[in-house]
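Numbered by numbering that gives the first Met the number 0, the letters in the sequence shown go through residues 0 to 106 in order.
Below: the structure, in structure tokens.
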Amino acid sequence: MADVICGGIYESPGTANSVKTISLARFAIEEHNKEHNGLLEFVRVVNEKRQVVAGMIHYLTIEATDAGKKKLFEAKVYVGLRDDKEVSEFKEVKSTEVQEFKHVADS
Numbered sequence: 000m001a002d003v004i005c006g007g008i009y010e011s012p013g014t015a016n017s018v019k020t021i022s023l024a025r026f027a028i029e030e031h032n033k034e035h036n037g038l039l040e041f042v043r044v045v046n047e048k049r050q051v052v053a054g055m056i057h058y059l060t061i062e063a064t065d066a067g068k069k070k071l072f073e074a075k076v077y078v079g080l081r082d083d084k085e086v087s088e089f090k091e092v093k094s095t096e097v098q099e100f101k102h103v104a105d106s
């Protein structure tokens, strides 16, 4: 793993298929479905980045199906020091528009 700077967003290679990452992606979809009366179904995690804060922020690119059609979503999931979870961002993106989450200082 590259040097991790507290507060910096870093690549997290090899974690997209981890049980924890998949669990967080499913949590993000469940929360979205509850809030928007949605029917999204998890397919896979495409990418994950992380940011160390007082806990960890996971920046996930998720593939899910909506009425049988595959779509991409970006989710920002905070996991606190006591394992409390919160989805602070969840949005659909076009496959050609998959954004790279950037730290404000990186702009």
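C-beta: ideal position from N, C-alpha, C; glycine also.
Since the structure is predicted, the reported quantities are computational estimates derived from the model, not experimental observations.
Asked, Found
"Backbone CA spacing between phenylalanine 26 and glutamate 73 [nearest angstrom]", "13 Å"
"Exposed unless 16 or more other CB atoms sit within 10 angstroms - verdict on glutamate 91", "exposed"
"Assigned secondary structure, serine 106 (DSSP; H/G/I helix, E/B strand, else coil)", "Summary for serine 106: the model assigns pLDDT 44, below 50, so the residue's position carries little reliability, and this model does not support an answer."
"First and last residue of the uninterrupted beta strand (DSSP E) at alanine 108", "A question about residue 108 goes unanswered here, because the residues of the chain that appear run from 0 up to 106."
"Best match in Lys33, Leu59, Leu71 for proximity to tyrosine 77 [C-alpha to C-alpha]", "Leu59"
"Contacting residues, own chain, Cβ-Cβ under 6 Å from alanine 66 (five flanking each side not counted)", "none"
"Local conformation of lysine 190 per DSSP, three classes", "A query on residue 190 cannot be resolved here, the shown segment of the chain reaching from 0 to 106 and no further."
"Test item: CB-CB of lysine 69 and valine 42 under 8 Å", "yes"
"Beta-carbon contacts of lysine 84 that lie in its chain and below 8 Å, excluding the five residues immediately before and after", "Leu23, Phe26, Val76, Tyr77, Val78"
"8 Å Cβ cutoff met for glutamate 47 and threonine 14", "yes"
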